[in-house]
Amino acid sequence: MPPQRIIHDQAQFALTIERLCRHLIEEHGDFADTCLIGIQTGGVQLAERLRDRLGELGVQPFPYGKLDITFYRDDFRTSKTALTPHPTEIDFLVEDKRVVLVDDVLFSGRTLVSALTALNHYGRPAQVELLVMVDRRFRRTLPVRANYRGLLVDTLQDEYVDVQWAETHGADQIILTGS
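Reading the sequence shown from the start, the letters are residues 58 to 236 in the numbering used here.
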């Protein structure tokens with residue numbers, strides 16, 4: 058098994074969530090024209106954590122959704138196993154809204170392109186921003202960048218970044234596997 062190391066522990070994780078929320082409040086104010094959409098699956102966990110913390114910080118409820126991109130991916134036909142889509146739960150139009158797409162890790166940029174395509178079915182947003190917990194700076198294959206990022210990680214080709222959540226893994230942490 059390749060070596061693993063924690064690159065972001067529970068305390069750092071909590072500070073990062075707090076910083077991302079404060080940055081969102083600074084940029085979006087009362088969220089009157091803003092919606093938050095988590096990309097299934099890792100982005101949904103982050104988006105829910107952000108939504109909950111924003112509420113604790115006094116931001117009034119705002120539109121929130123979950124977006125599945127399984128069949129919008131450019132590689133879905135090449136999968137050797139059956140794909141399992143997750144539900145898309147967006148009960149509002151994004152027309153003329155500032156959309157913050159949320160994902161756990163930005164790597165090649167392909168997920169974001171798929172998400173933008175899927176998002177078009179819900180209207181034409183005034184603006185789309187990307188928030189990620191981890192930005193893997195190297196190995197980007199598309200010209201994509203995050204507007205908000207929790208952690209910048211320079212990885213080698215054979216390294217893998219795993220964002221782990223207390224609800225599913227027992228602890229909030231980010232693990233680097235490989236090399």
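Quick reminder that beta carbons are idealized off the backbone N, C-alpha and C, glycines included. What you are looking at is a predicted structure, and each value in this text was computed from that prediction instead of being measured.
Secondary structure at Gln184, three-state DSSP: helix, strand or coil?
strand
Can you tell which of Lys154, Tyr121 and His65 has the C-alpha that lies nearest to the C-alpha of Arg181?
Lys154
What did DSSP end up calling Leu199 once you bin it into helix, strand or coil?
coil
What residues in its chain sit with their C-beta under 6 Å from that of Glu186, if we drop five residues either side in the sequence?
Val157 and Asn204
Here's a check: name, in chain order, each residue in its chain whose Cβ is nearer than 7 Å to the Cβ of Phe128, leaving out the five neighbours to either side.
Pro142
Straight-line CA distance for Glu113 to Trp222?
19 Å
Look at the Cβ atom of Arg167, then the Cβ atom of Thr198, and state whether they are nearer than 8 Å.
yes
Relative to the alpha-carbon of Val208, which residue among Thr225, Arg130 and Gln230 has its alpha-carbon at the smallest distance?
In the sequence on display, residue 208 carries Leu and not Val. Taking only the C-alpha atoms, the option nearest Leu208 is Gln230.
Rounded to the nearest angstrom, how far is the Cβ of Val220 from that of Val159, given a contact under 8 Å?
Going by Cβ atoms, the distance from Val220 to Val159 rounds to 12 Å, so no, they are not a contact pair.
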